[in-house]
Amino acid sequence: MSEQIQLSTCAEHTEIAAAQAQTLLVMASIKAPEMSECEDQRAPISVSAVIDRSGSMQGAKLQLTKATLGFVIKELKDGDQFGIVSYSDDAAETLKLTNMDHMGRQRAMEAVNRIQEDGCTNLSGGLFMGLDQLQGTILQHPGAQSASSLLRRQTAKVQHPGLSPIRCDSLTLKIGNAYRAVSMHAAKSSKSAPTLKNQHKWTMFVRLGESQAGDVADYVQSVEYQLHPTFSRSTVAVTTAPFEVSRSGWGTFVVGIRVTLRPRFGSAVHTFDHELNFASPETFSTHTVQVTDTAGPHVSEPGQQAPPQVVVSSSTTKAVNDVTSVWLFTDGLANRGITTGPELVRETKQRLEAMTKPCSIFSFGFGADHNAQMLKEVADAGKGMYYFIEDENNIASSFADCLGGLQSVVAQNIRLTIEPQPGCTVQKVFTKYDHQVTPSASWVQIPDLYSEEARDLVVEVQVDPVDDACPDPSPILAWAMQYTNLITGQSSTVAASTVLARPEVARPQPPPAALDRQRNRLLCAEALEMSKRRADEGRLEEARTILRNAMDKIRGSATGADAFCVGLCEDLQDCEDQMVDVRMYRSKGGQMMMNMNSCHSYQRSCGMKAKYMNKKKSAMVLKSTAMEEE
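When the sequence shown is numbered by our numbering, its final residue is 630 and no position is left out of the sequence of numbers.
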């Protein structure tokens with residue numbers, strides 16, 4: 001199996017009459033190699049998940065988002081880094097950038113469980129803190145709150161000369177349950193749930209109170225749950241964070257909870273009762289108990305080092321991996337901080353340029369109320385993708401698609417140079433990527449490439465007449481691609497040439513099928529963009545006409561019956577179907593068009609359909625689907 005990226009080219013015509021000046025299309029095709037299924041061979045990743053916890057996220061949205069973050073955490077490996085920033089009125093660092101070893105994953109799960117909804121939507125504050133987290137400058141960000149800073153404030157409340165801070169004299173715990181209803185087809189009969197009707201999937205938990213610093217594993221050694229006698233295992237002991245137990249059933253009962261603290265707190269045992277509640281997605285009660293911390297207070301002799309503080313997280317200070325990304329999730333409009341799209345995009349670009357490592361941004365817009373245009377422009381600025389999440393059922397698959405992509409990056413720093421030969425001029429490059437066209441040479445900068453992905457760059461070329469006819473092909477464009485191969489860890493260069501014959505009389509020939517398909521893809525993406533502009537202005541009939549004309553052109557092309565081109569028309573038709581009226585367009589149609597446009601412009605999947613999806617993405621989405629069905 002080749003570990004190198006393949007580069008090939010083709011032209012719209014293989015020959016043009018010598019005396020004729022003509023414009024033609026030329027395409028360079030880049031194909032990434034397939035990645036080994038061995039997890040150890042992939043490049044480690046650093047991700048900062050920026051999560052909206054405003055009041056509108058309450059209920060199933062936040063619970064499913066947290067469950068999906070849990071899925072993501074479980075799919076990370078030692079060497080990966082993961083951090084969480086949550087935002088409402090202000091942004092807070094919920095989890096420092098942490099190595100995802102066994103302990104790191106436990107701490108990450110506990111951090112996810114601490115996220116609670118409240119307040120408004122300071123999207124810019126969350127995004128900028130996520131970038132700062134990866135850069136390692138988060139403590140310089142105004143209003144930043146991390147677990148460690150909260151701990152410092154808590155332990156600084158009581159100070160005595162010659163004493164180290166009092167670390168903990170009380171502990172606040174949240175005891176409760178989360179639940180979701182189970183659909184009839186997913187329900188299973190059991191001793192504890194003999195009927196398939198009204199079944200619930202519930203999870204008992206023990207968590208830290210909102211004001212308690214650190215993670216639950218810093219305080220709790222084990223939790224024992226006493227369930228109803230009808231369960232085959234009515235006593236369940238949990239010895240690792242997040243100290244949860246999940247079951248299915250149809251009735252409520254009182255659960256007994258026995259919490260054993262760590263030895264530093266005297267291995268004290270505290271018991272609680274909690275009645276299962278299926279009226280809300282999450283129900284809990286708060287309990288504060290007095291504890292004796294054997295690590296403090298402690299009298300320090302001159303020159304003697306004070307005992308260590310409670311470890312809050314096994315975190316690093318900044319991203320150390322080459323594959324670095326921010327995930328920005330929201331369900332609403334920005335109403336705190338920077339609230340306008342152009343200003344947010346401008347500030348985001350400035351921050352990205354100042355970063356020491358390249359960083360991608362992927363944006364996830366949930367439901368009908370978010371600003372899809374703003375999120376797409378932010379993702380474009382960060383060389384990432386915009387995901388439209390229509391409802392709760394698509395949260396996990398969207399995050400999984402994104403994760404699978406980052407876990408399959410095979411190449412970075414890809415720069416494609418195009419050098420025209422005498423008598424040839426590059427007039428235009430059809431791409432959304434950063435590029436420049438000059439008479440002597442043109443270039444295209446391509447972001448991270450995933451395994452098995454293709455990038456097809458179409459350029460418009462002008463060829464001049466030649467004095468002497470030549471039936472043999474000769475070069476008109478010289479292509480060179482430089483990139484960093486993350487499989488081998490080396491820089492590589494690949495070259496290719498586009499050739500053209502100049503006989504006295506040219507024979508008519510159809511364009512290559514591959515080029516015709518990509519011309520149709522570009523036509524589809526352009527139609528989506530133009531149609532959306534009209535629809536945003538309320539001119540729905542004009543918008544529909546643009547989509548219909550594009551479908552007619554694609555169907556009438558040489559490859560119109562090709563499966564790929566049939567799929568393009570299906571996507572255009574799906575978007576037209578969302579333009580029945582303004583209400584439908586604004587609730588779903590505009591977001592769908594934005595998503596489709598990203599997908600076809602960049603030849604990358606982004607949650608809507610399986611187009612452009614590689615094996616790693618497919619496997620990750622399949623795993624997420626299984627997680628949702630559990």
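We put the beta carbon where it would ideally sit given N, CA and C, even for glycine.
Item to check | serine 56 in three-state terms, based on DSSP | outcome: Helix.
Item to check | Assigned secondary structure, alanine 619 (DSSP; H/G/I helix, E/B strand, else coil) | outcome: Of the three classes helix, strand and coil, the one that applies to alanine 619 here is helix, per DSSP.
Checklist entry - So who's on the other strand from serine 246, going by DSSP bridges? => result Partner(s): Thr203.
Checklist entry - Which whole-angstrom value describes the C-beta separation of leucine 123 and tyrosine 87, a residue pair presumed to lie in contact below a C-beta threshold of 8 Å? => result That pair is a contact at about 7 Å.
Checklist entry - Taking C-beta to C-beta, are lysine 383 and proline 447 nearer than 8 Å? => result The criterion of a C-beta distance shorter than 8 Å is satisfied by lysine 383 and proline 447.
Checklist entry - How big is the Cα-Cα spacing for asparagine 321 and lysine 357? => result Cα atoms of asparagine 321 and lysine 357: separation of roughly 9 Å, rounded to the nearest angstrom.
Next on the checklist: Please report whether the beta-carbon of proline 512 lies at a distance below 8 Å from any beta-carbon of chain D.
Outcome noted: Among the chains in the structure shown there is no chain D, since it carries only a single protein chain.
Item to check | Sub-8 Å separation of threonine 239 and serine 222 beta-carbons | outcome: Yes; because the gap between Cβ atoms is below 8 Å, this pair is in contact.
Next on the checklist: Can you tell me whether arginine 521 is helix, strand or coil according to DSSP?
Outcome noted: In this structure, arginine 521 counts as helix in the three-state DSSP scheme.
Next on the checklist: Considering just the uninterrupted stretch of the beta strand (DSSP E) at proline 473, what are its terminal residues?
Outcome noted: Residues 470-485.
Checklist entry - Touch check for the region 12-31 and the region 81-100: three-plus C-beta pairs under 8 Å? => result No, the region 12-31 is not in contact with the region 81-100.
Checklist entry - If we call anything under 8 Å between Cβ atoms a contact, is serine 48 one with glycine 104? => result Between serine 48 and glycine 104, the C-beta spacing is not below 8 Å.
Checklist entry - Which residue comes first and which comes last in the alpha helix (DSSP H) that contains cysteine 569? => result Looking at the DSSP string, the run of the alpha helix (DSSP H) that includes cysteine 569 is 563-577.
Checklist entry - Opposite arginine 180 in the DSSP bridges: which residues? => result DSSP lists Lys201 as partners of arginine 180.
Checklist entry - Going along the chain, which residues of its own chain have a beta-carbon closer than 8 Å to the beta-carbon of asparagine 485, five neighbours each way excluded? => result Take asparagine 485, set aside five residues on each side of it, and the residues of its chain with a beta-carbon closer than 8 Å to its own are Glu3, Gln4, Ile5, Val410, Ala411, Ser491, Ser492, in chain order.
Next on the checklist: Once the 5 residues before and after serine 363 are set aside, which same chain residues still bring their CB inside 6 Å of it?
Outcome noted: Same-chain partners within the cutoff: Leu328, Leu375, Val378, Ala379, Tyr386.
Checklist entry - Hey, quick one: how far does the beta strand (DSSP E) through methionine 27 stretch, first residue to last? => result Annotation: the continuous beta strand (DSSP E) that includes methionine 27 extends over 22-31.
Item to check | Member of Leu416, Glu452, Ser451 whose CA lies at the smallest distance from the CA of valine 437 | outcome: For valine 437, the nearest C-alpha among the options comes from Leu416.
Checklist entry - What residue ranges within the region 337-420 form continuous alpha helix (DSSP H) runs of no fewer than 4 residues, ordered along the chain? => result Fully enclosed alpha helix (DSSP H) runs of 4 or longer: 341-354, 372-381, 395-406.
Checklist entry - In terms of residues, what are the limits of the beta strand (DSSP E) holding valine 426? => result Membership of valine 426 in the beta strand (DSSP E) is indicated by the continuous run 424-430.
Checklist entry - Any idea if asparagine 393 is buried or exposed, counting beta-carbon neighbours within 10 angstroms, 16 or more meaning buried? => result Sixteen is the threshold: since fewer than 16 other Cβ atoms of the shown chains lie within 10 Å of the Cβ of asparagine 393, the residue is exposed.
Item to check | Selected residue, minimal CA-CA separation from glutamine 106, among Leu131, Gln116, Asp78, Trp202 | outcome: For glutamine 106, the nearest C-alpha among the options comes from Asp78.
Checklist entry - At what residues does the alpha helix (DSSP H) containing valine 112 begin and finish? => result That run of the alpha helix (DSSP H) goes 102-113.
Item to check | Range of the contiguous beta strand (DSSP E) that encloses arginine 258 | outcome: Per DSSP, arginine 258 belongs to the beta strand (DSSP E) from 254-261.
Item to check | Assigned exposure category for aspartate 654 - 16 Cβ within 10 Å defines buried | outcome: What the structure shows of the chain is the stretch from 1 to 630, and residue 654 is not part of that stretch, so it cannot be assessed.
Next on the checklist: Helix, strand or coil for leucine 64? Go by DSSP, reduced to three states.
Outcome noted: Here leucine 64 sits in helix by DSSP.
Item to check | Residue span of the alpha helix (DSSP H) that contains histidine 287, given as start and end | outcome: Note, histidine 287: premise wrong, no alpha helix (DSSP H); beta strand (DSSP E) at 282-290.
Checklist entry - DSSP beta-bridge partners for glutamate 93? => result Per DSSP, Val85.
Next on the checklist: Using only the alpha-carbon positions, how far apart do glycine 404 and valine 582 sit?
Outcome noted: In this structure, the CA atom of glycine 404 is about 35 Å from the CA atom of valine 582.
Checklist entry - What does DSSP give as the partner residues of lysine 174 in its beta bridges? => result Under DSSP, lysine 174 shares a beta bridge with Arg207, Thr286.
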